[in-house]
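*Asks:*
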Amino acid sequence: MHLVLETVQRQFPETVLAVAEDQARGDLSVQILAKGIREVARFLHDDPRTAFDHITDICSADYPDDLERFEVIYHFLSLPHGHRIRVKARIMEDDPVIDSVTSIWKGADFLEREVYDLMGIQFEGHPDLRRIFMPEDYDEGYPLRKDFPAEGKGWRSQFDFFPKYDEPIDAWSEKEVPQDQHVFMAGDTPESKKRTTEMLLNMGPQHPSTHGVLRVVLELDGERVSKAMPDLGYLHRGVEKLAEGLTYMQVLPHTDRLDYVCAMTNNYAYVRAVEKLVGVTVPERAEYVRTIVAEVQRIVGHLFWLGTQALDIGAMTVFFWTFREREVLLDLFEKLCGARLTLNYYRIGGVDADLTPEIIESLKTFLDTFPEHIQEYDVLLQKNRIWLARTKDVAVISGEDAINFGLTGPTLRGSGVAYDIRKLEPYGAYDKVEWEVPVGKNGDTYDRYWIRVEEMRQSARIVQQCLEQLPEGPIVADDPKIIPPQKTNVMRDMESLIHHFIIFTHGFKPPKGETYCATEVPKGELGFFLISDGGPRPYRMKIRSPSFVHMGAFDYMARGYLISDIVTIFGTYDIVMGECDR
Amino acid sequence: MVDVGIKLALTLTQIASVMGIVLLTVALLTLLERKVLGWMQDRMGPMEVGPYGILQPVADGLKLFFKEDIIPAGANRIMFSMAPVLSLVPALIGFAVIPFGPTWNVEWFGVEFKPFVISDINIGVLYILAFASIGAYGVILGGWSSNSKYSLLGGLRSAAQLISYELNVGLAIVGVLLLSSSLSMVTITEAQTGGFWRWYAFAPLPFPQFIAFVVFIIASVAETNRTPFDLPEAESELVAGFFTEYSGMRFAFFFLAEYANMILVSCVATVLFFGGWDAPLPFLQFHGSLEHLEWLSGMFWFTVKVYTFLFLFFWLRATLPRLRYDQLMRFGWKVLLPIALGNIVITSIMAYIFS
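Chains A and B, in that order, are what the protein sequence lines are.
Once you know that position 78 of the first sequence is 78 in the working numbering, the rest is easy, because the numbers rise by one and skip nothing.
Each position in the second sequence, counted from 1, maps to that position plus 1000 in the working numbering.
(1) How many whole angstroms separate the CB atoms of I566/A and L218/A, which I take to be in contact at a CB cut-off of 8 Å?
(2) Where does W1108/B sit, in a helix, a strand or coil, going by DSSP?
(3) According to DSSP, C59/A sits in a beta bridge with which residue or residues?
(4) Quick one, which of Y268/A, P538/A, Y116/A and I502/A has its alpha-carbon nearest T515/A's?
(5) Would N344/A pass as an interface residue toward chain B - the criterion being a Cβ-Cβ separation below 8 Å?
(6) Answer with buried or exposed for H1292/B, where buried requires no fewer than 16 other C-beta atoms within 10 angstroms of its C-beta.
(7) If you compare alpha carbons, which of G1053/B, L1336/B and G1342/B is closest to V1169/B?
(8) Does the CB of A1096/B have a neighbour CB from chain A at under 8 Å?
(9) Give me the chain B residues within the contact set of H207/A, using Cβ-Cβ distance strictly less than 7 Å, ordered along the chain.
(10) Hey, quick one: how far does the alpha helix (DSSP H) through K1149/B stretch, first residue to last?
(11) Taking C-alpha atoms, which residue in I1140/B, I1163/B and S1145/B lies nearest to G1155/B?
(12) Taking a Cβ distance cut-off of 8 Å, strictly less, list which residues of the region 1317-1330 of chain B are near chain A, in chain order.
(13) With 8 Å as the threshold, decide whether the Cβ of W1333/B is near any Cβ in chain A.
(14) For I121/A, which option in H211/A, C59/A and E140/A has the closest C-alpha, if you only look at C-alpha atoms?
(15) Mark G560/A as exposed unless 16 or more other C-beta atoms lie within 10 angstroms of its C-beta, in which case mark it buried.
(16) Taking the C-alpha atoms as reference points, what is the distance between G1195/B and W1108/B?
(17) Taking I543/A as part of the beta strand (DSSP E), name the residues at either end of that continuous run.
(18) Based on Cα-Cα distance, which residue from A1212/B, K1305/B and G1038/B lies nearest to G1101/B?
(19) Give the DSSP-derived three-state secondary structure of L28/A in the structure shown.
(20) Near E1294/B, what residues of its chain come up, given a Cβ to Cβ distance below 7 Å and the 5 sequence neighbours on each side ignored?
(21) What does the Cβ neighbour count give for R130/A, buried or exposed, with the cut at 16 atoms within 10 Å?
(22) State the DSSP-derived secondary structure class of W172/A, mapped to helix, strand or coil.
(23) Nearest to E1068/B by alpha carbon, out of G1298/B, S1184/B, P1282/B and S1247/B?
(24) Whole angstroms is fine: what's the gap from K175/A's alpha carbon to M92/A's?
(25) If we cut at 8 Å on Cβ distances, does F320/A have a partner in chain B?
(26) Please check the pair P546/A and G409/A, which I expect to be a contact at CB under 8 Å, by giving their CB distance rounded to whole angstroms.
(27) Tell me the DSSP bridge mates of S532/A?
(28) Does the Cβ-Cβ distance between V87/A and I32/A come in under 8 Å?
(29) Report the neighbours of V261/A on chain B: residues whose CB is nearer than 9 Å to its CB, in chain order.
(30) Quick one: residues in its chain with C-beta nearer than 6 Å to the C-beta of A1159/B, no 5 flanking neighbours on either side, listed in chain order?
(31) Give the C-beta separation of L299/A and L329/A to the nearest angstrom, bearing in mind that I take them to be a contact with Cβ-Cβ under 8 Å.
(32) Is there a Cβ of chain A sitting closer than 8 Å to that of K1035/B, yes or no?
(33) Less than 8 Å between the CB atoms is what I'm expecting for I1118/B and V1018/B, so what's the real figure, rounded?
(34) Looking only at C-alpha atoms, which of R582/A, I313/A and Y260/A sits nearest to Q297/A?
(35) Can you tell me whether DSSP reads S78/A as helix, strand or coil?
(36) So which residues of chain A does R1043/B contact, with C-beta pairs closer than 7 Å?
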């Protein structure tokens, strides 16, 4: 048995109900009594033998037939030891309360609010337990529960809390949130001890630089931010709920729409999770092709980020220059999979089509000139006094805090923590090529900027090496139970047609089980947690999206800075609302 | 009586032609700015309206003219309507003292007048500074009266910014005033004629005003709310700053004012530091038997200089990110102000020694 499991079991003989090590998938899980969660979590966090300092995710599952209906599932990561653990606790339906772990991991704040919002589980000791995605006065129930219909309850226009377009303004102004529920109001009554001079500024959801439909309410003292309250959910589509009604293959297109700037890496994260659940081995050429495409997508994502971050800070030209290069790569993607934005190229067990010599050639041409282009951006920014003044010492977060908040990707690496899933748990062809993980020092916006620019160089390096090493062979695994036959065969022979029909109508059935699989996407760690009940559809799918977790640290990082810095912080997270709100 | 009538008619004609040229230049600038930015950013700029997009300003103007005029609920209607006017008028009125060409006295129907300057008043520089300050009220009132927080923040920012940087503009000019011992724009230009080595920015003795010129240009960029000092209208932070709530013609007024201001400060920089209509080398000016065409070459050089400064404005916009509010203030008070003051001290000492 794994040492960590042994330690936990020995430490809490009563609280720990069961421990399990999934040899094939490399997952560790611990089933505990709900009332002991804070104790166990504290031990896991503090004890040097376990040292689970990074909170990855909190999610929940609903088993209506069981006596203890809800299961709260925690994923922790130990950066010093480099392993993950899954802690599960069951709670009853009539008293869905569990202790909050926000006192141990600050990043648990938003994650617990999400569980409360979508599953209705109360967290005792949570400082601010409110709905996070759904409207605050939504009382139709909790959407992720199994008894909540997948098609929703009613239409948008029928809900009371939305103003009707044809009603006169006076008719609905009274129905607005009552005064005492105005969480966004600064205290203005004479009895209130609070200073009343703060101005509340509503930034978003319609604002030129909130990267989609993010809304932040800022409490301002002059131009200085004394409190920032992110209000999410304007792009909440319930992808997790939708996935419960779709077969594993049908979920794939929904993942493109998560982080619509980097659709390819989302696909990659999802197919990797399903492959881990089912246990498919992907052929070597496919692994290389996947790595190439993922890294090209990373370059595209970072180019997009660099352009918009510079535009937010006021440098206009960088935006057009990065989009010039992005265009070349999007053209390549178009040749590869036919789409430019909602790319869909990865398949469970491999990829959709092989790289053509033409694509390889144009990719090589691009890589030859790309370093010069990065140099051009550097000329505009890297030594620009104004750029330095706007990014240095802005939104500083220390390494410990960043880990405690569960930040990942360049946002975490900027604070000097060299956590990159591609190095820690190598997948694809990342362990076969040479590359480095750029790590910052000060944890400020400049360091994160530098890291992303450096990552573009490293990605170009990876792609270059992968292209050189690219082996011959099939691009899809040979596993008839899961992989549909080739399209050309389907139209020719009867057996393939039947095979195709079966796979696409029934779907494939992974074994009963659950697994968490993390992938390094340009924004950070995108994880998919899948629970399979042996059927063709996921019983529960949880998406651990980096943007959402990063927003949890927003208030902490924004306090004390000026309004101008708020847009810098949006940019430095590289936030995409499609992924944040899901 | 007839004299007065003719004088009035002549002055009105002058005003009309100057206004016409300025407004045409504004229209041209809107197109030029987009084109120049486009070329710097690897794109074409506007291409759809007219051949090569040259009719874009007309289309923009028509669009703004026919847009619905919205006054937000809770806005102070009088102030809200007044602000754009308060912003535009001072920007246009400043052109009255700019000499566009040689100082000629023409007699026409027994009335003497100067064809290339509307009014040669002996306090020209003060006049421009005074009206530039009034322009700030337009911005502040526009921000305040809109009843919008973004506008208010934009208005507040601009109040602080305009006051701080106006000071630097004023102090940067003092050196030139010391050297020319005059406040009249015409006299200042005439003191610089004879080639670029006599322009105040370069004239070696008593002291070249090049540093003052740099301070003046930086402060002017800040005063016209252009990148990198476009904080009052910072798009990514304050949506559109003080004119967030404006639409249609009122918006167009602010827009016109900004561009007219750009032209004005370019003209002032040309006159004060770069010899106005004077050619960089004497033989580049029509002279001798072609003396009667001197105005042609004079206006040509004036235009070239002004457009060079305007190009500089575009260039800055394409290159630099935006400063933050506190950095802007620090830069204005702790960097530009001491330099401008130092320049005054050195210039006066040198002027005393060499006079």
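Glycine is no exception: its CB is placed at the ideal position from the N, C-alpha and C atoms.
Keep in mind it's a predicted model, so treat the numbers as computed, not measured.
*Replies:* According to the data block:
(1) About 7 Å; that satisfies the 8 Å criterion.
(2) strand
(3) I73/A
(4) P538/A
(5) no
(6) exposed
(7) L1336/B
(8) no
(9) V1239
(10) K1149 to S1180
(11) G1155/B has its Cα closest to that of I1140/B, out of I1140/B, I1163/B and S1145/B.
(12) For the region 1317-1330 of chain B, which is checked against every Cβ of chain A, the residues closer than 8 Å are R1317, A1318, T1319, L1320, P1321, R1322, L1323, R1324, Y1325, D1326 and Q1327.
(13) no
(14) C59/A
(15) exposed
(16) 31 Å
(17) R540 to R544
(18) K1305/B
(19) strand
(20) P1102, Q1285, F1286 and H1287
(21) exposed
(22) Only weak support is given to the placement of W172/A: the predicted model assigns it a pLDDT of 45, under 50, and the value that follows is read from those uncertain coordinates. The answer is helix: DSSP assigns W172/A an H, G or I state.
(23) S1247/B
(24) Residue confidence for K175/A is low, a pLDDT of 49 falling below 50, so the modelled location carries little weight; the figure read from the coordinates is stated next. Cα to Cα, K175/A sits roughly 35 Å from M92/A.
(25) yes
(26) 6 Å
(27) Partner(s): G513/A.
(28) For V87/A and I32/A, yes; Cβs fall inside 8 Å.
(29) V261/A does not reach chain B, its nearest Cβ partner there being about 18 Å away, counting only Cβ pairs nearer than 9 Å.
(30) I1140
(31) What sits at residue 299/A in the sequence shown is Ile, not Leu. Contact holds; Cβ gap of about 7 Å.
(32) no
(33) 6 Å
(34) Y260/A
(35) Reduced to three states, the DSSP call for S78/A is strand.
(36) F320
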